[in-house]
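Below is one structure, written out as structure tokens, with a few remarks after it.
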Amino acid sequence: MSKITTELLLERAVPRSTRLRKIETLNLSKLQLKTGDLDPRLFSRLRHLQKLDLSDNLLDKFPNSLTLPDLRVLNCNNNKLEDVTALKQFPLLEELTYENNVYLTLNDDYKVMFLLQNLRLLNGKDITKLANHVRRVNSRKLTSKVTAHWEKFFRDQLPEKYTAEQVKSIKKKFLKSVQTNVVYGPSSLSEFTRWRVKMIAEEFLAYSLGLELNSDTEPEEKTDENEEESTESPREAAEDVAQVVHIYDPLVTVTPSKRKRNHSKSSPGNKRSKSQANTEEEAEDVSAEPLHFLQCHSKGNSREDFKTQLWSCVFEPVLDSGARKDPIVSSSRTVATCGGESVCLIDCETGTVLKKYKVATEEFFSVAWTTLTMVISDSRKKAHNILAAAGRRGIVKLIHVAADFCYGEIKAHKKPIATICFSPTQETHLFTASYDKRIALWDIGIPDCDYNFKASQLLVLETASIPLRIALVPTCPEQYLLAGCEDGCFAWNIKLDKGQKSRPFEAIFQFPDEESMTTSHRVDGLAFLNDDVVVSKSSKPGCIYLWSWSRSFDAKGKGCQRTMSAVILAELEWSTTDMSYLTLSTCPAKEYVFCGDEQGSVWMYNLSNYTTAWGSAKGKRSERRISPTQILKWPELRVNGEQPAEILVNNVVADPAFTYLVVLTSVNITAIWKKS
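Heads up: the sequence shown begins at 6 in our numbering, then just goes up one per residue.
This is how it looks when you write it as structure tokens:
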């Protein structure tokens, strides 16, 4: 790897030079340079440098003290830059290019337009008019909003005579609140807006209260998640956050067409058992607190939209490369949600909508993540997270999140796609389950540096009814797939070395009915708790079963479409509602099961005391229904003075470490809870 020396600088000068201070044009491209190779002491001698080419290197950022006071033209194409704020040290810069830096987005374009007052050309385009708007109109609007936020929510909190500790506390609360709640412009610029709002807020506090101004424009540091930020009770916190329900470019109202009632004779709310009642009383001392309530899928940015249904959410996987250093976009707390025409990426800690994708004629039902190793340039490979989203149109959208780019689509089915999931062992293998009564396996391919890709269908699984939920068997994810359908629970052999491309189901499972065993029932919840224990939810009121895959499925049997009895390990006590499509999820690392109900509550089951016994070959079924460990009640959330009507929890998902719990509802509200 080339190191920068005086001799190298003189040799790469255009034209060649004998003294560093005489160099005006310098070409340092294609030298495999990293950030540490840019020695500020050496560069400080380039006093008259005007043009610098650093393209086709490995730079991830700029040192803060390069001291190039006369630099006018800078080329940083084809690097690994993750941040642009250090470019403010080149105030005379007029032309800047940084194309093919995969981590830089539109937000970074706006940052450099604000920071570099003399910039005329950005990536070859004249940005004079837009830059003037960013520096003047945008700043004026945000300043007005920041000031209004202080006057409305914080001015009266500061006493006439205040201590340094009180000022420090109010500053911390104000900066967090203003970055979360001041919204302006499209959601695609939310990161830039948050960055500018923080800057404006600090300037405002410095001017108004004489506070020390933080001039650092780097991304906000990660807050200590264990630090107590408020002394409010869970209910007070919920009521407080309800006053500032976050609305980000919300979208169209969706008719709840996926919902059906069975019209049970008994009232859902009156049939709770004694153990349930006791559990609810004990659960008042909740271990999770409501953190945010978002309306990021609304129609017309309206607070009145309580009709858009939210269906699916999944946490972004952690990239092994550790390349994503921005704490605001930390993968451990970033979740993708879908509903209506949009897919949103949300930072669970701040409640900020980081990115948003919209398809005007779509209604998204499902999202899923995978991590692809892509060739970015010069045959270099990099791991990137790809988000797949699908719904009513039967089309799968493929989104490269870091590049903020939907690079392709797969026309997978002619009818709506109910759910999708990626294989945990084959990063390009995607399963799509559709209303056409088919589950398809696709190889989505790996896009090249120009985002060209080729998708192919590998397998089609025929179902007897509409598949609602799918799960790959953890011990053999390349061989067996389980699906909960409108008319039962089925299993398929998905091994690709078999010649048959279109396959019927291999097994259908029987479950206890009132007097016998039955295969005919809607299974609208399905997940694995560990390698063997399956959790499935029936549309029958109050029915969640835990059963053993290995003891239920006879892999040695011959023939297809065999009926097998599910070996029941336990039954969970749940709401007696007759409402369908309130699905469940699991957190295998913590051995938890979650399921929402028809009243906005989340039922949580800690099953760590049972799994060891269930793992035994002679493990017997628990005689009594297992009561929930806790029930998180929907708080008294009010918007515009009114409480939303009937709140159904369509889905609830925890991150792998069970730090955050994301609750998706039928009334266009995403609730985020944080474990205490």
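Here a beta-carbon is modelled for each residue, glycine too, at the ideal position from N, C-alpha and C. Predicted model only: the values in this text are computed from it and were never measured.
Problem set entry | A206 vs V151 beta-carbon contact at 8 Å | What you label residue 206 is simply residue 201 of the sequence shown in a count that begins at 1. What you label residue 151 is simply residue 146 of the sequence shown in a count that begins at 1. It is a contact, given that the beta carbons lie within the stated cut-off.
For this session: Please go through the region 332 to 383 and give each complete beta strand (DSSP E) segment of 3 or more residues, from N-terminal end onward.
Result: 339 to 344, 347 to 352, 357 to 363, 369 to 382
Exercise. Any Cβ of chain C within less than 8 Å of the Cβ of S470?
Worked result: The displayed structure is made up of one protein chain only, and chain C is not part of it.
For this session: Report, in whole angstroms, the separation of the C-beta atoms of L79 and L98, which I expect to be a contact under 8 Å.
Result: Here residue 79 corresponds to residue number 74 of the sequence shown, with the count starting at 1. Here residue 98 corresponds to residue number 93 of the sequence shown, with the count starting at 1. Right, the Cβ-Cβ distance comes to about 6 Å (below 8 Å), so this counts as a contact.
Problem set entry | Residue nearest to R24 in terms of C-alpha spacing, selected from K146, H53, Y115, D42 | Start at 1 with the first residue of the sequence shown, and residue 24 comes out as number 19. Of the candidates K146, H53, Y115, D42, the one whose C-alpha sits nearest the C-alpha of R24 is H53.
Exercise. Does DSSP put F48 in a helix, a strand or coil?
Worked result: As a first step, residue 48 is located in the sequence shown; it is residue number 43 there, counting from the start. In the structure shown, F48 sits in a helix (DSSP, three-state: H, G or I).
Problem set entry | Exposure of A676, with buried meaning 16 or more beta-carbon neighbours within 10 Å | The count along the sequence shown starts at 1 and reaches residue 676 at position 671. Burial call: buried.
Problem set entry | Test item: CB-CB of F4 and A575 under 8 Å | Outside the displayed span of the chain (6 to 681) sits residue 4, for which this structure offers no information.
Exercise. Are the region 485 to 494 and the region 530 to 542 touching, with three or more C-beta to C-beta distances below 8 Å?
Worked result: yes
For this session: Starting from the C-beta of D660, find all residues in its chain whose C-beta is less than 6 Å away, skip the five residues before and the five after it, and write them out in chain order.
Result: In the sequence shown, the residue the question calls residue 660 occupies position 655. The answer, listed in chain order, is F320.
For this session: Could you pull out every residue in the same chain whose Cβ sits closer than 7 Å to the Cβ of H526, ignoring the five residues on either side in sequence?
Result: One-based indexing of the sequence shown puts residue 526 at position 521. Cβ within range, chain order: G493, F516, S543, S544, K545.
Exercise. Of the residues W619, V358, G413, which one's Cα is nearest the Cα of I400?
Worked result: Position 395 of the sequence shown, counted from the first residue, corresponds to residue 400. Ranking the options by Cα distance to I400, first place goes to G413.
For this session: Please report the residue range of the alpha helix (DSSP H) in which Y108 lies.
Result: For the purposes of this step, residue 108 is identified with residue 103 of the sequence shown, where counting begins at 1. Element bounds for Y108: n/a, residue is neither H nor E.
Exercise. From H297 to V668, what does the alpha carbon distance come to, in whole angstroms?
Worked result: Along the sequence shown, one-based indexing puts residue 297 at 292. Along the sequence shown, one-based indexing puts residue 668 at 663. Taking the straight line joining both Cα atoms gives about 10 Å.
For this session: Ignore the nearest five residues each way along the sequence and tell me which others in S371's own chain have a CB closer than 6 Å to its CB.
Result: Start at 1 with the first residue of the sequence shown, and residue 371 comes out as number 366. Cβ within range, chain order: S317, A395, T424, I425.
Exercise. Does the region 185 to 197 come close enough to the region 100 to 118 that 3 or more CB-CB pairs lie under 8 Å?
Worked result: yes
Problem set entry | Inter-residue spacing [alpha-carbon to alpha-carbon] between C600 and Y456 | For the purposes of this step, residue 600 is identified with residue 595 of the sequence shown, where counting begins at 1. For the purposes of this step, residue 456 is identified with residue 451 of the sequence shown, where counting begins at 1. Taking the straight line joining both Cα atoms gives about 39 Å.
Exercise. Can you tell me where the beta strand (DSSP E) with S470 in it begins and where it stops?
Worked result: Reading the sequence shown from its first residue, position 465 is the one you call residue 470. S470 -> no beta strand (DSSP E), and no H or E assigned at all.
For this session: Would you check if there are 3 or more beta carbon pairs closer than 8 Å linking the region 357 to 367 to the region 445 to 454?
Result: no
Problem set entry | Alpha-carbon spacing of A496 relative to R308, whole angstroms | For this step, residue 496 is matched to residue 491 along the sequence shown. For this step, residue 308 is matched to residue 303 along the sequence shown. Spanning the two alpha carbons is a distance of roughly 43 Å.
Exercise. Ordered along the chain, which non-local residues of its own chain (more than five positions away) have a Cβ less than 7 Å from that of Y115?
Worked result: For this step, residue 115 is matched to residue 110 along the sequence shown. V139, L194, F197, listed in sequence order.
Exercise. What's the gap between the Cα of F179 and the Cα of W155?
Worked result: On the sequence shown, position 174 is the one that residue 179 refers to. On the sequence shown, position 150 is the one that residue 155 refers to. If I take the Cα positions, the gap works out to 7 Å.
For this session: Can you tell me which of the three DSSP states Y665 falls into?
Result: On the sequence shown, position 660 is the one that residue 665 refers to. In this structure, Y665 counts as strand in the three-state DSSP scheme.
Exercise. For the region 15 to 46, which segments carrying the beta strand (DSSP E) assignment without a break, of at least 3 residues, lie completely within its bounds, in sequence order?
Worked result: 30 to 32
Problem set entry | Contact under 8 Å by Cβ, K420 with D441 | By 1-based counting over the sequence shown, the position of residue 420 is 415. By 1-based counting over the sequence shown, the position of residue 441 is 436. Against a cut-off of 8 Å, the Cβ pair of D441 and K420 comes out as a contact.
Exercise. Among residues of its own chain, excluding the 5 on either side of L126, which ones have a beta-carbon nearer than 6 Å to its beta-carbon?
Worked result: In the sequence shown, residue 126 corresponds to position 121, counting from 1. Contacts found: E100.
For this session: Might you give, ordered along the chain, the residues of its own chain that have their beta carbon closer than 6 Å to the beta carbon of L256, omitting 5 neighbours on each side?
Result: Walking along the sequence shown from the start, residue 256 turns up at place 251. Low per-residue confidence applies at L256: pLDDT is 28, beneath 50, and the placement is therefore not dependable, though the value from the model is reported in the following sentence. Around L256: H302, K304, G345, E346, S347.
Exercise. Hey, W639 and W608 are a contact pair by Cβ (cut 8 Å); roughly how many whole angstroms apart?
Worked result: Taking the sequence shown and counting its residues from 1, the one referred to as residue 639 is at position 634. Taking the sequence shown and counting its residues from 1, the one referred to as residue 608 is at position 603. Not really, about 12 Å apart at Cβ, beyond 8 Å.
For this session: Could you name the residues of the same chain whose beta carbon sits closer than 8 Å to that of L64, not counting the 5 residues immediately before and after it, in chain order?
Result: As a working note, residue 64 is residue 59 in the sequence shown. Contacts found: L38, K39, T40, L43, C81, N84, K85, L86.
Exercise. Which term fits Q300, buried or exposed, when burial requires 16 or more other beta carbons within 10 angstroms of its beta carbon?
Worked result: Against the sequence shown, residue 300 aligns to sequence position 295. The residue is buried, with at least 16 neighbouring Cβ atoms inside 10 Å.
For this session: To the nearest angstrom, report how far apart F158 and S182 are at their CA atoms.
Result: Taking the sequence shown and counting its residues from 1, the one referred to as residue 158 is at position 153. Taking the sequence shown and counting its residues from 1, the one referred to as residue 182 is at position 177. About 9 Å.
Exercise. Considering only C-alpha positions, which residue in the set A169, V202, L135 is nearest to T148?
Worked result: Walking along the sequence shown from the start, residue 148 turns up at place 143. Looking at the Cα atoms, V202 is the closest of the given residues.
For this session: List the residues that DSSP assigns as beta-bridge partners of P2.
Result: Residue 2 is absent from the structure shown; the chain starts at 6 and stops at 681.
For this session: For W155, name the three-state secondary structure that DSSP assigns.
Result: The residue labelled residue 155 in the question sits at position 150 within the sequence shown. Helix, per DSSP.
For this session: Return the residue from the list R160, M584, I573 that minimises the CA-CA distance to S213.
Result: Reading the sequence shown from its first residue, position 208 is the one you call residue 213. Per the Cα distances, R160.
For this session: Could you name the residues of the same chain whose beta carbon sits closer than 8 Å to that of K500, not counting the 5 residues immediately before and after it, in chain order?
Result: For the purposes of this step, residue 500 is taken as residue 495 along the sequence shown, with counting starting at 1. So the qualifying residues of the chain are E483, Q484.
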